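From first to last, the protein sequence lines are chains A and B.
Sequential numbering of the first sequence, starting at 4, is according to the working numbering.
Sequential numbering of the second sequence, starting at 46, is according to the working numbering.
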Amino acid sequence: MKLLIVEDEPKTSAYLHRGLVEQGYAVDVAQNGIDGRHLALEFDYDVIVLDVMLPGLDGLAVLRELRQRKQTPVIMLTARDRIDDRVLGLQAGADDYLVKPFSFLELVARLQALTRRGRNTPVAQLRVGDLEIDLFARKAWRDGQRLELTAKEFALLAALARRQGEILSKTVIAELVWDVNFDSDANVVEAAVKRLRAKLDDPFPQKLLHTIRGMGYVLEAR
Amino acid sequence: MKLSISRRLALMFAATGFLVFTLLGVVLHGILDRELLRSQRAELKARVDLYTPLIQKNGDPARWHLVQSKLDAAIPGDGRARYWIVGDDPRFRYGETTQGFGAAQGDGYGELELNGSGKPFRTLSRSIGATGERPAVRLVAALDQTPYRETLRVFTIALAGVSLAAMLLVALLGHWIARFGLRPLERLSDEARALSPSKLAQRLHQSTLPPELSELATAFNGALDRLESAYQQLEGFNADVAHELRTPLTNLIGQTQVALSRERGAGDLEEVLQSNLEELERLRAIINDMLFLARADQGLRASNRVEVSLAQEIGRTVDYLEVLLEDAGVQVRVEGDARALVEKSLFGRAVTNLLINAVQHSERGAEIVAEIAPRGDGILVAVHNHGTPIPDEQLPRLFDRFYRLDSARSGSSSNHGLGLAIVRAIATMHGGQVVATSERGVNRFGFTVAA
């Protein structure tokens, strides 16, 4: 998976580079719009992460020129949380946008969504350690024992299991399970995870659902 | 081009003056013209009356020279009055008859230009019946109009001159009066000019102003009141923001410094980073909320509005909050329904905040009612819960940013005091308002959306 980051802020581009390399992407970084345009047009990337405010040539101009020749998916990063920025970006052909301050996890989730697009193979069975999930029958077992889950608990478990090994932030979970796409003061996800954990992990010695403090939750057999 | 009020008034005065004096001039001119005509006619009539008896009695050609000499004597040296006697018998005539007054000419007043002289004359002719040898004749008296016309001309010129001068005077006086009359306005603008953000409590003095301006000053002072309170709110808001950001920042700086001041194991450092991340998430949440509020302040309107059943949307939110509600031991009942155009995620966010607010102030086992009802030309969505009565004066302020009933600031990261402010912003984005009441132990918070 090849990725281009066009971002002039050195700290931002440094951590994005490092983080995304660690996520298994091959990452190129451009520090300004002109280099960014050059790289984006010369090479084939799977996704381009493009800052709006750039020296030399701004992100929207880079995007417009790119779109005249290529359909590479683009995520825009904008610091100005203004409606016209988003509208302009989406009109110019951006596939998604993130408003600074954004969380790294959210960026990863969006990148995955963009690269996964189009090759969504339906899965019926999921397996994490001794946990088995039947997505069609909406049933789950651990060690052969049926877990009595409510509909929402099952939805949460399925969401985590589909992305096993990936850290899911509370925001992403709220969106996947409840279709709620706003930050709220409510600790709904925390409370729901606590309930799921009581049924999923508490009776068993091996824990599968892990809390990553400050980031979110991950389902994996460690 | 914009004219100053005083100049405009001066022009209006001048225009009024022009109108009045022109009218006056026309009327005076008319009166004079008529009077002059009347006096000319009176004179003509007097002259004709004077000589008619003489001619009437005279029917003898031998004595006709008496009439002629009388009339000769009656013509003044400047020739401004003339006489003619015309008739069929040449013996009984007087004056040059080249003027062509035939016997056919009727009696009465007329006008005539004398051959050669170019002078306009006014005439009066009268038939005199036959006596003795004399057939019927006609006596014609003529009066030179020139002096009368001259009088009228001089009068007209004088009238025009005086009128013009008077108009100018009126304009000048008008300008001066206007400036004098507008002096309170100048004072007012001087005062307004002296207003500055550093003296927020300053107001315009109304006591010395005339009633018309006093009203303006009242309105202006009202605007100043609102600005002052907005300004103070903004200042308070800035202080609150700084305060809200200060706590997580203090933690971040402090715990990072502590962590770095010794050699630490990876586990310890990881824990510091995790704790830092929590604080940072808190900062991010605050900043995102503030950006959201700022966008609403800038007049952003909900753009992705779709028509939905509000009860169904509230149901979705209740579904989302189900775990929290169960943990708090609280039931939610939805009453009523209506369809309205809302942006679903914004509406859900507002309802979430209202419900969380209600849950936080409810006791275990309590029931929260979410009410949907038409209100005015919109729809009201309100959440009721039993709770401590809230004083009336605090009710409207509850939707202010960072406003908390208990002025002690809770440090809980789950609630940074923007929840209800966000409800208000969302209401504004939907063309609605917020509502808060506290009656008989039931606190009710809600908002309206345009139907």
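Ideal Cβ placement from N, Cα and C applies to all residues, glycine included.
These numbers come from a predicted model, not from an experiment.
Sixteen is the threshold: when 16 or more other Cβ atoms of the shown chains lie within 10 Å of the Cβ of B:Phe-58, as they do, the residue is buried. For B:Glu-88, no beta strand (DSSP E) run applies; the uninterrupted alpha helix (DSSP H) run containing it begins and ends at 50-102, by DSSP.
Excluding five sequence positions before and after B:Ile-100, the CB atoms of its chain that fall closer than 8 Å to its own CB belong to Val-112, Ile-130, Ile-173, Val-182 and Leu-184, given in chain order. DSSP links A:Leu-212 through a beta bridge to A:Leu-222. Counting the other Cβ atoms within 10 Å of the Cβ of B:Ser-243 gives fewer than 16, which makes it exposed. Out of B:Tyr-139, B:Gly-140 and B:Leu-169, the CA that lies nearest to the CA of B:Gly-153 is found in B:Leu-169.
Put simply, the backbone Cα of A:Phe-139 is about 17 Å away from that of A:Leu-179.
Per DSSP, reduced to three states, the secondary structure at A:Ala-112 is helical. Contact between B:Val-468 and B:Phe-447 is ruled out by a C-beta separation of about 14 Å, above the 8 Å threshold.
Assignment of beta-bridge partners to B:Arg-307 by DSSP yields no partner. Taken in chain order, the unbroken stretches of alpha helix (DSSP H) that lie wholly in the region 404-474 of chain B and span 4 residues or more are 464-474. Secondary structure note for B:Arg-238: its alpha helix (DSSP H) is the uninterrupted segment 228-238. Proximity of chain B to A:Ala-194 at the Cβ level (cut-off 7 Å) is accounted for by Val-368, Leu-369 and Asp-372, in chain order. Against chain B, the beta carbon of A:Gly-62 has no neighbour under 7 Å; the closest one sits roughly 19 Å away.
As computed with DSSP, B:Phe-492 is found in a beta bridge with B:Val-426 and B:Val-479. Taking a cut-off of 8 Å for Cβ pairs, the region 348-356 of chain B and the region 376-390 of chain B touch, as three or more such pairs fall below it. Relative to B:Ile-413, the option among B:Arg-378, B:Leu-425 and B:Lys-115 whose CA is nearest is B:Arg-378.
In the structure shown, the three-state DSSP call for B:Gly-153 is strand. Within the region 370-400 of chain B, Asp-372, Ser-390, Leu-391, Gly-393, Arg-394, Thr-397 and Asn-398 place their CB atoms closer than 8 Å to a CB of chain A, listed in sequence order. By the Cβ rule, the region 54-68 of chain B does not count as touching the region 138-155 of chain A, because fewer than three pairs are nearer than 8 Å. The C-beta separation of A:Leu-53 from A:Val-65 comes to about 6 Å, placing the pair in contact by the 8 Å criterion. In terms of CA proximity to B:Pro-192, B:Arg-125 leads the group B:Leu-279, B:Arg-125, B:His-250 and B:Ala-495. The criterion of a C-beta distance shorter than 8 Å is not satisfied by A:Leu-199 and A:Leu-134.
As the crow flies, the alpha-carbon of A:Ala-154 is around 27 Å from that of B:Glu-408. In the DSSP assignment, B:Val-363 falls outside any beta strand (DSSP E) and within the unbroken alpha helix (DSSP H) covering 355-373. Beta bridge pairing from DSSP links B:Trp-129 with B:Val-185. Taking a Cβ-Cβ threshold of 9 Å, the residues of chain B close to A:Gly-217 are Leu-318, Gln-319, Ser-320, Asn-321, Leu-322, Glu-323, Glu-324, Leu-325 and Glu-326, in chain order. Annotation: A:Phe-157 is outside any beta strand (DSSP E); the continuous alpha helix (DSSP H) that includes it extends over 154-165. For B:Ile-332, the residues of chain A that pass the 8 Å Cβ criterion are Pro-104, in the order they occur in the chain. Between B:Met-212 and B:Phe-66, the alpha-carbon positions lie close to 8 Å from each other. Straight across, the Cα-Cα distance linking A:Asn-190 with B:Gln-251 is about 55 Å.
In terms of CA proximity to B:Tyr-365, B:Ile-401 leads the group B:Asp-422, B:Ile-401 and B:Ala-341. Per DSSP, A:Lys-5 is one residue of the beta strand (DSSP E) stretching across 5-9.
By the CB criterion at 8 Å, B:Phe-492 and B:Ala-466 fall outside the cutoff.
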